[in-house]
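Protein chains in written order, with my numbering: chain Y, 1 to 508; chain F, 1001 to 1128; chain X, 2001 to 2435.
Have a look at the structure below before the remarks.
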Amino acid sequence: MRLASGRPLGEFELSKIRRHQTQNEPLIFERSSLGKIGYQLPPLDVPPVDADEALGAENVRGEIAGFPEVSEVEIIRHFTRLSTWNYAIDLGLYPLGSCTMKYNPRLNEAVARIEGIVDAHPYQPQTLAQGVMRIQQVLESYLSNITGMAAVTLQPAAGAHGELTGILLIRAYLESKGDARGVVLIPDSAHGTNPATAATAGYKVKEIASNERGMIDMASLEAAVDDSVAALMVTNPNTVGIFEQDIARVAALLHDRGAQLYMDGANMNALVGVARPGDFGVDVMHLNLHKTFSTPHGGGGPGAGPVAVKSHIEPFLPVPRIREEAGMLRYDHDLPDSIGRVRAFYGNFGVLVRALAYILAHGGDGLRNATLDAVLNANYIRKGIENDYHLPYDAPSMHECVFSDSKQSLYGVKTGDIAKRLIDYGFHPYTVSFPLIVHGALMIEPTETESKGELDLFIDALKSIAREAETTPELVLEAPQTTRTSRVDETRAARKPIVIWEPPADGV
Amino acid sequence: MYPSEYRYTKEHEWVKVDGESATVGITHHAQDQLGDVVFVELPDVGAKLQANGVFGTVESVKAVSDIYAPIGGDVTEVNEVLIDRPELLNSDPHGEGWLVRLKIFDATDLDALMNAGQYAEYVAAEGE
Amino acid sequence: MLAALGIESIEDLFASIPECLRYRQRLAIPNGRSEYEILDYFRARAEEGAKGYASFLGAGVYRHFRPVVIDALATRGEFLTSYTPYQAEISQGVLTTIFEFQTMVAQLTGMETANASMYDGSTAVPEAGMMAARITRRGRLLAARSLHPEYRQVLNTYYRHQDLPIETVRYDRDSGQIDLTDLESKLSDEVAAVIVQSPNFFGLIDKTREAAELAHRYGALLLVIFSEAAALGILEPTAEADIVAGELQSFAHPTSYGGPCVGVLATKKKYIRQMPGRLVGQTVDADGNRAFCLTLATREQHIRRAKATSNICTNQALVALMATVYMTVFGKQGLRELAEQNLAKARYLADAIRANAGSLVFSGPFFNEFVVRPGLGDSARVNDAALEKNVIGGLELGRLYPELDGALLVCATEVNRREEMDSYAACFGSSSRRI
């Protein structure tokens, strides 16, 4: 049953993959040859300086042991070969739930590299920074409009950083009213960053159980909200891909008892143009520009996590804020109630530029259409595999759908195995074993990017794997079979961590 | 499966009493649930453990579990071998994979624990 | 697709959102624009900036030559558009480059281990401080006043609610380096760590070894911070440091108005389980071939949740890749030559400014940045005169350090040509004539 060119894999004839050549490549350190160089510098146009004299000999280092010595062509080949060992959204569907792996338009890359933008310095005079300040101001206003919130800070560098900013804002607001309180409530379906954030902001975390429909249980919430509770952190749609229908009641309950509602905007791709968190009663939320607004994930960053707030929270936003007077933009540092800075300078500015390009390209109606397509695609997948996989919650899905491996685990096949087998079919796996409230979860988010053709291939692959789990489970358990790297031993990596390269002991 | 001379907790630790001293470990069931153990964090010799208090953690690649003290006591010995060979917790949880030895504070702590038969039933019921 | 779902309109899929919560207006965002209009829009914004100006700004974000192979490689879709490498079998490209990055950061900083990167230097510092507090089980931090002021602001924001009081250690008014007497007077057995930047915010090589000795005497850790990575090509790393954290923007990314950047965190092997952030480790695959994967993930938020070492989730993988390519291009010899050029340019500019009646404020040895006080007139006039010649002068320090009002933090790197430096230095003399 091993895949060979032109032969069927499992029961389905697949058109997505065929064997491909990938080249071996050592680590760059193992490629080094003494004295080889790949750099150029113009000749020095001022007198050279003796480093020992200028800095003191004790401050001057010898050569950097082990550092690479390679030529330019070797560099190009090294990194190009490594790149071919990666899957990417440019190669196909990347259905990681809650990660919103959508197409990253190349136009965004182009505009972020325009001279005058890419080489702007954060301390250049504000009179010479009006363009880059305008980009921030326009993005802030569009994000306010999309979220239905009064104000936005662009400073946080990532989603989790936005969460921390948001919880610190709530803390500052409550403190200003005389009581910061001590507890943050978090549903058991939440992302791990939520409890970690609350702890970093000095709060105790109390978990709220979800009900049988995968939503916040109003009765447990009612019982949990007392005057020690500062906020509830909620993701909506939640991590099961379900819209929290009681969200307005949740907000009202919290507000009645002096608490605030924080929304994790990780799943905003289900809402843009269709519904606004500000209208649900959300007080503070963050957005992930690298999810909803198409900036590239880049193998794990950089992201950006702007935070949107209602007007009562606005005075506490990080310094500085942009103000406009007579057509001129300026930074206002005089904000006595501000929580202070959460990052140096103005956040991941280059990411902000890309997100604004995405918004301009879509326009208001285009953004809304993207949301519709994202939800349509998720539901199409759900429909396509609902007879093959167990659906733990039957509430309507928004932009992602969550199944469990309970049918396949009867044959010893777990969600992690199905995920690895998907790789053989030419797809990146879905999110594995999350959310925690679904045992053996398969969390699938296709985004609006995918065509019906790609979705059909994906559905066929999942159906085929379901059949394999019954008939030839070993095929699934030993997957992936077609990759250049077979299943990786993560246990060994963790037992004896080797996190940097060291030259072989024999000096070769 | 579960040695009859040991006593067991609902959090899946075992304790073996030898006069005033006791040896503590995690059960076969616990290591099975956890998967391949990659790291064990244990208290220093001399630490005072409270019955039912957390005294360490066991980690697999993708999970961390707190370890609870079945009984109170002073830590007299720590299984240093586990630092280099955490896999002993998988291969021999009731023997070579022991965690700490204690000088028992109060032997009546033991009364609250399960015997081997009760523990086996408890594990079976949990799986349902 | 609608037929397959048995619905008439996509709108039907949104029935689970209560009607009163639906947004029935159109977003106040203009209609979608074509690629060409969007390019025009951003080009117009770029024109409202400092295109074509020479610049002597540094202060945490540095201008350096950037080999074109960096973007040629970093814009490959396989790097640009992949996710965090949780699925190791189809992510060996990213995993291998991160392993190389961790190795180079360790080599560069003289530490035994380094993580897969942090957001930036300013956020790496509080993370390093929290790590020190976990290691020492102490709850007090001392930070040099010559640590980047915006880093210090971030520290204050992070620590306000963590029972981690932070106290500032003065700098010596003559040398501009840490005041060791003041440091010693503030040290106690409650202090978790001493945080010293080198080169410090004033561009000076700081007394990290002396600070380490004092810190260790009280059982505290020494955290060495840097914001100008180019200095590491020539500066002896502080072997006595316990944690090194900093900013690698100089090797990775254009100034880009201060972001994205790439923070680093390096430390000793024994502290590896206390590190925040992602970490790539070496292992083998089922066929016995060398392979890499994310490791020691139990430290992180997605497993330990409220008890994680940090709430950090993303790293800056793409910028870390840029830094890895940069460090590979420059390599052993190039980083040294680059550092020597920076040293020479900054010395030249400092001499030229002194020849125009400016004076250096501090006596400590500097790398590519220095604090200078105009002899005649004030800093604002000097910079105004420079702007008339399309030159952006150094940073006026008054807002960040009231005691240094009227002084400028001036930076020269390998990109600054001699004529630019002559032109800026002349403003220190010419401004006097305008008074």
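For glycine and all other residues, C-beta sits at the position ideal for the given N, C-alpha and C.
Margin query: Is there a Cβ of chain X sitting closer than 7 Å to that of Gly327 (chain Y), yes or no?
Written below: Interface with chain X (7 Å Cβ-Cβ cutoff): Gly327 (chain Y) is excluded.
Next item on the list: Report the residues of the segment 1034 to 1045 of chain F with a CB closer than 9 Å to any CB of chain Y, ordered along the chain.
Entry: Considering only beta carbons, the part of the segment 1034 to 1045 of chain F lying closer than 9 Å to chain Y consists of Gly1035, Asp1036, Val1037, Val1038, Phe1039, in chain order.
Check: So what does DSSP say about Val282 (chain Y), is it helix, strand or coil?
Finding: Correct three-state label for Val282 (chain Y): coil.
Notebook entry, point to check: Taking the C-alpha atoms as reference points, what is the distance between Leu254 (chain Y) and Val402 (chain Y)?
Noted result: When rounded, the distance between both Cα atoms is 28 Å.
Check: Around the C-beta of Ile2435 (chain X), are 16 or more other C-beta atoms found within 10 angstroms, so that it is buried, or is it exposed?
Finding: Below a pLDDT of 50, predicted positions are generally treated as unreliable, and Ile2435 (chain X), at 39, falls in that range; the measurement from the model is reported next regardless. Answer is exposed; the Cβ neighbour count stays below 16.
Note to self: Just to confirm my understanding: we take Leu143 (chain Y), look at its own chain, exclude 5 residues before and 5 after, and list those with CB closer than 7 Å. What are they?
What the structure shows: Leaving aside the five residues that flank Leu143 (chain Y) on each side, the residues in its chain whose CB is nearer than 7 Å to its CB run, in chain order, Val152, Leu287, Pro306, Ala308.
Notebook entry, point to check: Can you list the residues of chain Y that Asp2285 (chain X) reaches, using a CB-CB cut of under 8 Å?
Noted result: Here the neighbours are Thr485, Ser486, Arg487, Val488, Asp489.
Item checked: Tyr2062 (chain X) - DSSP class collapsed to helix/strand/coil -> When DSSP states are grouped into helix, strand and coil, Tyr2062 (chain X) belongs to the coil group.
Next item on the list: Note down the Cα distance separating Met149 (chain Y) from Pro277 (chain Y), rounded to an integer number of angstroms.
Entry: The alpha-carbon atoms of Met149 (chain Y) and Pro277 (chain Y) are separated by roughly 8 Å.
Item checked: Residues near His333 (chain Y) by beta carbon distance below 8 Å, same chain, minus five either side -> Within the same chain, His333 (chain Y) has close Cβ partners Val319, Pro320.
Note to self: Run through chain X and tell me which residues come within less than 7 Å of Val1064 (chain F), C-beta to C-beta.
What the structure shows: Chain-order list of chain X residues neighbouring Val1064 (chain F): Thr2298, Ile2303, Arg2304, by C-beta distance under 7 Å.
Check: Of all the residues that make up the segment 301 to 314 of chain Y, which are near chain F by a beta-carbon distance shorter than 9 Å?
Finding: Across the segment 301 to 314 of chain Y, no CB contact with chain F closer than 9 Å is found for any residue.
Next item on the list: Go ahead and label Ser15 (chain Y) buried or exposed: buried means 16 or more other beta carbons lie within 10 angstroms of its beta carbon, across all protein chains shown.
Entry: Taking a 10 Å sphere around the C-beta of Ser15 (chain Y), we find fewer than 16 other C-beta atoms and assign the residue as exposed.
Item checked: Selected residue, minimal CA-CA separation from Ile2353 (chain X), among X:Ser2122, X:Gly2364, X:Gln2341, X:Glu2369 -> Nearest of X:Ser2122, X:Gly2364, X:Gln2341, X:Glu2369 to Ile2353 (chain X), Cα basis: X:Glu2369.
Note to self: Runs of 4 residues minimum, wholly inside the segment 193 to 276 of chain Y: which ones carry the alpha helix (DSSP H) assignment?
What the structure shows: Taken in chain order, the complete alpha helix (DSSP H) segments of 4 residues or longer contained in the segment 193 to 276 of chain Y are 193 to 200, 218 to 224, 247 to 256.
Checklist line | Through-space distance from Gln2341 (chain X) to Val1061 (chain F), alpha-carbon basis | finding: Roughly 47 Å between the two C-alpha positions.
Check: Going by Cα to Cα distance, which pick from X:Arg2140, X:Ala2308, X:Pro2149 is closest to Phe2226 (chain X)?
Finding: Closest option to Phe2226 (chain X), judged by alpha-carbon separation, among X:Arg2140, X:Ala2308, X:Pro2149: X:Pro2149.
Checklist line | Under 7 Å between C-beta atoms of Phe339 (chain Y) and Ala172 (chain Y) | finding: Note on residue identity: the sequence assigns Ile, not Phe, to residue 339 (chain Y). A contact, by the Cβ cut-off of 7 Å.
Next item on the list: Drop a sphere of 10 angstroms on the beta-carbon of Tyr430 (chain Y), count the other beta-carbons inside from all chains shown, and report buried for 16 or more, exposed for fewer.
Entry: When all chains shown are included, Tyr430 (chain Y) counts as buried.
Check: How far does the beta strand (DSSP E) with Asp1018 (chain F) in it reach, from first residue to last?
Finding: Counting along the chain, the beta strand (DSSP E) containing Asp1018 (chain F) begins and ends at 1013 to 1018.
Next item on the list: Can you tell me which of Y:Thr239, Y:Gly241, Y:Leu232, Y:Gly265 puts its alpha carbon nearest to the alpha carbon of Arg249 (chain Y)?
Entry: Nearest C-alpha to Arg249 (chain Y): Y:Leu232.
Check: In whole angstroms, what separates the C-alpha of Arg113 (chain Y) from that of Asp2120 (chain X)?
Finding: C-alpha separation (whole angstroms): 20 Å.
Item checked: Member of F:Gly1056, F:Gly1117, F:Tyr1122 whose CA lies at the smallest distance from the CA of Ser1004 (chain F) -> It is F:Gly1117 whose Cα lies nearest to the Cα of Ser1004 (chain F).
Checklist line | Selection from Y:Tyr346, Y:Gly97, Y:Arg106, Y:Lys414 that minimises the alpha carbon distance to Glu470 (chain Y) | finding: Out of Y:Tyr346, Y:Gly97, Y:Arg106, Y:Lys414, Y:Lys414 has the C-alpha closest to the C-alpha of Glu470 (chain Y).
Next item on the list: Using a Cβ cut-off of 7 Å, pull out every chain X residue sitting near Glu1059 (chain F), in sequence order please.
Entry: Think of a sphere of 7 Å around the beta carbon of Glu1059 (chain F): the chain X residues whose beta carbon falls inside it are Thr2298, in chain order.
Next item on the list: Sort Y:Ser464, Y:Leu360, Y:Asp424, Y:Gly166 by Cα distance to Gly108 (chain Y) and report the nearest one.
Entry: Here residue 108 (chain Y) is Asn; the residue named in the question, Gly, does not match the sequence. That would be Y:Leu360, whose Cα lies nearest to the Cα of Asn108 (chain Y).
Margin query: Between the alpha carbons of Glu63 (chain Y) and Leu2108 (chain X), how many angstroms are there, rounded?
Written below: The alpha-carbon atoms of Glu63 (chain Y) and Leu2108 (chain X) are separated by roughly 10 Å.
Notebook entry, point to check: Should Val2391 (chain X) and Thr2255 (chain X) be called a contact, given that it needs their Cβ atoms to be closer than 7 Å?
Noted result: Here Val2391 (chain X) is not near Thr2255 (chain X), since their CB atoms are 7 Å or more apart.
Next item on the list: With 9 Å as the limit, tell me which residues of the segment 2156 to 2171 of chain X have their beta carbon closer than that to any beta carbon of chain Y; keep them in chain order.
Entry: Hits within the stretch, in order: Asn2156, Thr2157, Tyr2158, Arg2160, His2161, Gln2162, Asp2163.
Item checked: CB contact flag (Met2322 (chain X), His2253 (chain X), <7 Å) -> For Met2322 (chain X) and His2253 (chain X), yes; Cβs fall inside 7 Å.
Next item on the list: Using a Cβ-Cβ cut-off of less than 8 Å, give me the residues of the segment 1077 to 1093 of chain F that come near chain Y, in sequence order.
Entry: Sequence-ordered contacts of the segment 1077 to 1093 of chain F with chain Y read Pro1086, Glu1087 [C-beta pairs closer than 8 Å].
Checklist line | Candidates X:Leu2335, X:Thr2413, X:Leu2397, of which the one nearest Tyr2348 (chain X) by Cα | finding: Ranked by Cα distance from Tyr2348 (chain X), the options X:Leu2335, X:Thr2413, X:Leu2397 are led by X:Thr2413.
Next item on the list: Starting from the Cα of Asp217 (chain Y), find the closest Cα among Y:Gly327, Y:Val205, Y:Gln245 and give me that residue.
Entry: Closest in alpha carbon position to Asp217 (chain Y), among Y:Gly327, Y:Val205, Y:Gln245, is Y:Gln245.
Next item on the list: Verify the CB distance criterion: does Gly2203 (chain X) have a CB-CB separation below 7 Å to chain Y?
Entry: So, not an interface residue.
Notebook entry, point to check: Should Ala259 (chain Y) be labelled buried (16 or more other beta-carbon atoms within 10 Å of its own) or exposed?
Noted result: Buried: at least 16 other Cβ atoms inside 10 Å.
Next item on the list: Compare the C-beta of Ala2004 (chain X) against all C-beta atoms of chain Y and say whether one is closer than 7 Å.
Entry: Interface residue, yes.
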